[in-house]
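*Asks:* Following the working numbering, the numbering of the sequence shown begins with 260 at its first residue and continues without gaps.
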Amino acid sequence: MAKTALISVYDKTGVVEFAKELSALGISIISTSGTASLLEKNGIKVIQVSDLTGHKEILGGRVKTLHPAVFGGILAVRSSKGHMKELQENRLQAIDIVAVNLYPFEELLNKKAPVKELIENIDIGGPGMIRAAAKNYNDVMVVVDPVDYPLIIEKLRNGKKNEIFNCSLAAKAFAYTSRYDSLVNSFFNGLNGINFPEILNLSFRKSQNLRYGENPHQQAAFYTYFTNESCVGTAKQLHGKELSFNNILDVDSAFELVKDFEKPTAAVIKHTNPSGVASADRIEDAYRKAHETDPLSAFGCIIALNRGCNLQAAKLMKPLFIEAVICPSFDKDALELLRTKKDIRLLETGPIIKSSGSFEYKKVNGGLLFQAGSHIIIKEKDMKVVTKRKPSKGEISDMVFAWIVNKHVKSNSVVFAKDNVTVGIGAGQMSRVDAVKIAVEKSKGRCKGSVMSSDAFFPFRDGVDEAAKAGITAIVQPGGSIRDNEVIQAADEHNIAMVFTGVRLFRH
Numbered sequence: 260m261a262k263t264a265l266i267s268v269y270d271k272t273g274v275v276e277f278a279k280e281l282s283a284l285g286i287s288i289i290s291t292s293g294t295a296s297l298l299e300k301n302g303i304k305v306i307q308v309s310d311l312t313g314h315k316e317i318l319g320g321r322v323k324t325l326h327p328a329v330f331g332g333i334l335a336v337r338s339s340k341g342h343m344k345e346l347q348e349n350r351l352q353a354i355d356i357v358a359v360n361l362y363p364f365e366e367l368l369n370k371k372a373p374v375k376e377l378i379e380n381i382d383i384g385g386p387g388m389i390r391a392a393a394k395n396y397n398d399v400m401v402v403v404d405p406v407d408y409p410l411i412i413e414k415l416r417n418g419k420k421n422e423i424f425n426c427s428l429a430a431k432a433f434a435y436t437s438r439y440d441s442l443v444n445s446f447f448n449g450l451n452g453i454n455f456p457e458i459l460n461l462s463f464r465k466s467q468n469l470r471y472g473e474n475p476h477q478q479a480a481f482y483t484y485f486t487n488e489s490c491v492g493t494a495k496q497l498h499g500k501e502l503s504f505n506n507i508l509d510v511d512s513a514f515e516l517v518k519d520f521e522k523p524t525a526a527v528i529k530h531t532n533p534s535g536v537a538s539a540d541r542i543e544d545a546y547r548k549a550h551e552t553d554p555l556s557a558f559g560c561i562i563a564l565n566r567g568c569n570l571q572a573a574k575l576m577k578p579l580f581i582e583a584v585i586c587p588s589f590d591k592d593a594l595e596l597l598r599t600k601k602d603i604r605l606l607e608t609g610p611i612i613k614s615s616g617s618f619e620y621k622k623v624n625g626g627l628l629f630q631a632g633s634h635i636i637i638k639e640k641d642m643k644v645v646t647k648r649k650p651s652k653g654e655i656s657d658m659v660f661a662w663i664v665n666k667h668v669k670s671n672s673v674v675f676a677k678d679n680v681t682v683g684i685g686a687g688q689m690s691r692v693d694a695v696k697i698a699v700e701k702s703k704g705r706c707k708g709s710v711m712s713s714d715a716f717f718p719f720r721d722g723v724d725e726a727a728k729a730g731i732t733a734i735v736q737p738g739g740s741i742r743d744n745e746v747i748q749a750a751d752e753h754n755i756a757m758v759f760t761g762v763r764l765f766r767h
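Take a look at the structure:
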């Protein structure tokens, strides 16, 4: 049976009940100032750490537990005669339970607290005690999560030493301090303007286990990273079945697309590619037009809106098979209507918050690719007209729209658009001319008079020739091919206006 517990917690959830249970088991409690005061107010006898060490807290509380009386008591190996003899000679007592959680650095980071306040909330003694206890898990129980308090009491009542259980607590403790250190490390990288440090420390928290991965034979879980941004990782699920691995990928693709638009915009996503996107003055009209782009592909789709879902939009969705809807909010009547569909997943993000400093990660075998996010949005001033015919105002508006959609389509890709609505999308092709042909086929004859965006330059004129056959009137593309002159000549021959942006949109 454990004899002594050290309790020093910032998050005091459940700590009074935990300490009372420990006292009832005959375990003496050592504590630091704030925690000790709370426990004493609740009638729990406490030994102050300052009485244990013989030193008062100094430097405004920066130093209170950094002392051999604390760390010696935690780190002493009970089976070592030498260790136990040293404790006795130095009049130190063994500490058998360490219940510690840390200053709220992550919460303050999330609130964008001033640098000085963040610095003061970098815990020093706390991580040291946790790591010491975890290292000596054979003899010491370490608890960093109030959720585990009842389980600790249950194990203590049982009275049997359980090294496997203690080891699991140690693993959780090291994960806890590792995440804390990772966030502090990222904070200091930010202060120094370092985006690509020599050592990249990332910390993800498990949000949920998934039924399976991309396919039923693969196990999977969803982990989220610390962020203030509105995204799938911070969205709240209001209704429906548990999200699947593929749902999460598609929801992410859908919502990141509509976040790029200022006007009310809706996106319909299948397998991370949009089958339809539209902007309109009203969100219900945007959704209707997006769905009408390719209703066949929209079966079992993901819907994203950059405005709240109102009753009119919900009525349009009600008869259809939709896997999930993500948007900033749901009107009460819209939510009630959609909840009559048992399985549809409804995710609410709150007001859209974008981060211009976010990064993207791609896993490869043996490594991680890490890059700045593609946050560029082109405007008319960014377009260089390279053909004899200049685009009209309407064509420019549609080219900007198509270009933004194109950012979110897998390469090689092209997007046809007219009146800020996609009319054909060619995605994920090995050749650009094939992407054009697919977009023409998807448009079902509606692409006459529309514009085309290409995610990269045309290596040959054939893509332009195919677009001309379909009635495309203007093209936006990065330029930069050794055959640019040939491609421009083709556009001039077909009286197509063409602009270069100098920005490539590859998406693998």
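We put the CB at the ideal spot given by N, CA and C, even for glycine.
Please classify N397: does DSSP put it in a helix, a strand, or coil?
*Replies:* Along the sequence shown, read from residue 1 onward, the residue named residue 397 stands at position 138. Coil, per DSSP.
*Asks:* What does the alpha-carbon distance come out to for the pair K600 and K500?
*Replies:* In the sequence shown, counting from the first residue as 1, residue 600 sits at position 341. In the sequence shown, counting from the first residue as 1, residue 500 sits at position 241. C-alpha separation (whole angstroms): 11 Å.
*Asks:* Pull up the distance between the alpha-carbon of G738 and that of S712, whole angstroms please.
*Replies:* In the sequence shown, residue 738 corresponds to position 479, counting from 1. In the sequence shown, residue 712 corresponds to position 453, counting from 1. Rounded to whole angstroms, G738 to S712 spans 12 Å at the Cα level.
*Asks:* What is the DSSP secondary structure of I637, counted as helix, strand or coil?
*Replies:* Taking the first residue of the sequence shown as 1, we reach residue 637 at position 378. DSSP places I637 in coil when its eight states are reduced to three.
*Asks:* If you compare alpha carbons, which of N505, G332, E745, E752 is closest to L732?
*Replies:* Taking the sequence shown and counting its residues from 1, one reaches residue 732 at position 473. Here residue 732 is Thr; the residue named in the question, Leu, does not match the sequence. Considering only alpha carbons, the answer is E752.
*Asks:* Taking C-alpha atoms, which residue in I356, H342, D404 lies nearest to R350?
*Replies:* The residue you call residue 350 lines up with position 91 of the sequence shown. Checked all of I356, H342, D404; the closest Cα to R350 is H342.
*Asks:* May I ask you to report which of helix, strand or coil DSSP gives M260?
*Replies:* Taking the first residue of the sequence shown as 1, we reach residue 260 at position 1. For M260, the pLDDT reaches just 44, beneath the cut-off of 50, and the residue's location in the model is therefore unreliable, leaving the point undetermined.
*Asks:* Return helix, strand or coil for R604, following the three-state DSSP convention.
*Replies:* Taking the first residue of the sequence shown as 1, we reach residue 604 at position 345. Here R604 sits in strand by DSSP.
*Asks:* Taking DSSP's pairing of strands, which residues face K677 in a bridge?
*Replies:* For this step, residue 677 is matched to residue 418 along the sequence shown. Per DSSP, V680.
*Asks:* Enumerate in chain order the residues of its own chain whose CB-to-CB distance from D511 is below 6 Å, with the five nearest sequence positions on each side excluded.
*Replies:* Here residue 511 is taken as the residue at index 252 of the sequence shown, counted from 1. Excluding sequence neighbours, D511 sits near V491.
*Asks:* Could you tell me how far apart the beta carbons of F463 and Y482 are, in whole angstroms, since I believe they sit closer than 8 Å?
*Replies:* As a first step, residue 463 must be located in the sequence shown, where it is residue number 204. As a first step, residue 482 must be located in the sequence shown, where it is residue number 223. Rounded, the Cβ-Cβ distance is 4 Å, consistent with contact.
*Asks:* Candidates D310, I663, I741, E595: which alpha carbon is nearest F716's?
*Replies:* Position 457 of the sequence shown holds residue 716. For F716, the nearest C-alpha among the options comes from I741.
*Asks:* Kindly indicate which three-state DSSP category K798 falls into: helix, strand or coil?
*Replies:* An answer regarding residue 798 cannot be provided, because it is not within the stretch 260 to 767 covered by the chain.
*Asks:* One question on the structure: do I585 and A563 come within less than 8 Å of each other, judged by their Cβ atoms?
*Replies:* Against the sequence shown, residue 585 aligns to sequence position 326. Against the sequence shown, residue 563 aligns to sequence position 304. Taking 8 Å as the Cβ cut-off, I585 and A563 qualify as a contacting pair.
*Asks:* Find out if the Cβ-Cβ distance for the pair L298, A278 is shorter than 8 Å.
*Replies:* The residue labelled residue 298 in the question sits at position 39 within the sequence shown. The residue labelled residue 278 in the question sits at position 19 within the sequence shown. Closer than 8 Å, so yes.
*Asks:* Looking only at its chain, what residues have a beta carbon closer than 6 Å to the beta carbon of G384, apart from the 5 residues adjacent to it on each side?
*Replies:* The sequence position of residue 384 within the sequence shown is 125, counting from 1. Result list for G384: T324, L325, in chain order.
*Asks:* Compare the Cα-Cα distances from L570 to each of K621, L594, P363 and report the closest residue.
*Replies:* Here residue 570 corresponds to residue number 311 of the sequence shown, with the count starting at 1. It is L594.
*Asks:* Taking contact to mean 3 or more Cβ pairs, one atom from each stretch, closer than 8 Å, check whether the segment 668–677 and the segment 526–536 are in contact.
*Replies:* Flag = yes, the segment 668–677 and the segment 526–536 touch.
*Asks:* Count the CB pairs spanning the segment 298–310 and the segment 265–284 that are closer than 8 Å, and state whether there are at least three.
*Replies:* With the cut-off at 8 Å, the segment 298–310 and the segment 265–284 touch.
*Asks:* For D407, which of P386, N369, N454, I356 has the nearest alpha-carbon?
*Replies:* Locating residue 407 in the sequence shown gives position 148, where the first residue counts as 1. Measuring from the Cα of D407, the nearest candidate turns out to be I356.
*Asks:* When you compare each of E551, L605, Y620, L368 to N487 by their alpha carbons, which one comes out closest?
*Replies:* The sequence position of residue 487 within the sequence shown is 228, counting from 1. With distances taken between Cα atoms, N487 lies closest to L368.
*Asks:* Please list, in chain order, all residues of the same chain as G632 whose beta carbon is under 7 Å from its beta carbon, the five residues on each side excluded.
*Replies:* Taking the first residue of the sequence shown as 1, we reach residue 632 at position 373. Cβ neighbours of G632 beyond the five flanking positions: S617, F618, E619.
*Asks:* Considering only C-alpha positions, which residue in the set L311, F589, F364, K419 is nearest to L606?
*Replies:* The count along the sequence shown starts at 1 and reaches residue 606 at position 347. Nearest of L311, F589, F364, K419 to L606, Cα basis: F589.
*Asks:* For A557, which residues of its own chain have a beta-carbon under 6 Å away from its beta-carbon, when the five flanking residues on both sides are left out?
*Replies:* Numbered from its first residue, the sequence shown carries residue 557 at position 298. Cβ neighbours of A557 beyond the five flanking positions: V527, S534, H550.
*Asks:* Take N448 as the anchor and find which of P475, K621, F424, V374 has the nearest alpha-carbon.
*Replies:* Locating residue 448 in the sequence shown gives position 189, where the first residue counts as 1. Comparing Cα positions, the closest option is V374.
*Asks:* Apart from the five residues on each side of it in sequence, which residues of its chain come closer than 8 Å, Cβ to Cβ, to K518?
*Replies:* Numbered from its first residue, the sequence shown carries residue 518 at position 259. Closer than 8 Å at the Cβ level, and outside the excluded window around K518, lie S489, N565, I611, K613.
*Asks:* Along the chain, where does the alpha helix (DSSP H) that runs through G722 open and close?
*Replies:* Indexing the sequence shown from 1 puts residue 722 at position 463. G722 -> alpha helix (DSSP H) spans 721–728.
*Asks:* What's the call for F364, buried or exposed, on a 16-neighbour Cβ count within 10 Å?
*Replies:* Residue mapping note: residue 364 aligns to position 105 of the sequence shown, counting from 1. Result: buried.
*Asks:* Compute the distance between the beta-carbons of D553 and H530, then report whether it is under 8 Å.
*Replies:* In the sequence shown, counting from the first residue as 1, residue 553 sits at position 294. In the sequence shown, counting from the first residue as 1, residue 530 sits at position 271. It is not a contact, given that the beta carbons lie outside the stated cut-off.
*Asks:* Kindly indicate which residue of N744, S427, Q477 has the alpha-carbon position closest to the one of N395.
*Replies:* To locate residue 395, count along the sequence shown from 1; it is residue 136. Looking at the Cα atoms, S427 is the closest of the given residues.
*Asks:* Helix, strand or coil for A537 per DSSP?
*Replies:* In the sequence shown, the residue the question calls residue 537 occupies position 278. Note: A537 maps to strand in three-state DSSP.
*Asks:* Is it true that the CB of V758 sits closer than 8 Å to the CB of V644?
*Replies:* As a first step, residue 644 must be located in the sequence shown, where it is residue number 385. As a first step, residue 758 must be located in the sequence shown, where it is residue number 499. A contact, by the Cβ cut-off of 8 Å.
*Asks:* Whose C-alpha, out of V668, I266, Y362, is nearest the C-alpha of L772?
*Replies:* Since the first residue shown for the chain is 260 and the last is 767, residue 772 is missing from the structure and cannot be characterised.
*Asks:* Pop quiz: R720 and V746 are said to be a contact at Cβ under 8 Å. What is the actual Cβ separation, rounded to whole angstroms?
*Replies:* Numbered from its first residue, the sequence shown carries residue 720 at position 461. Numbered from its first residue, the sequence shown carries residue 746 at position 487. Indeed they touch by this definition, with Cβ atoms about 5 Å apart.
*Asks:* Check the DSSP bridge columns for C586 and list the partner residues they point to.
*Replies:* Translated into positions along the sequence shown, residue 586 becomes position 327. Paired residue(s): E607.
*Asks:* State the DSSP-derived secondary structure class of F660, mapped to helix, strand or coil.
*Replies:* Taking the first residue of the sequence shown as 1, we reach residue 660 at position 401. Residue state, collapsed to three classes: helix.
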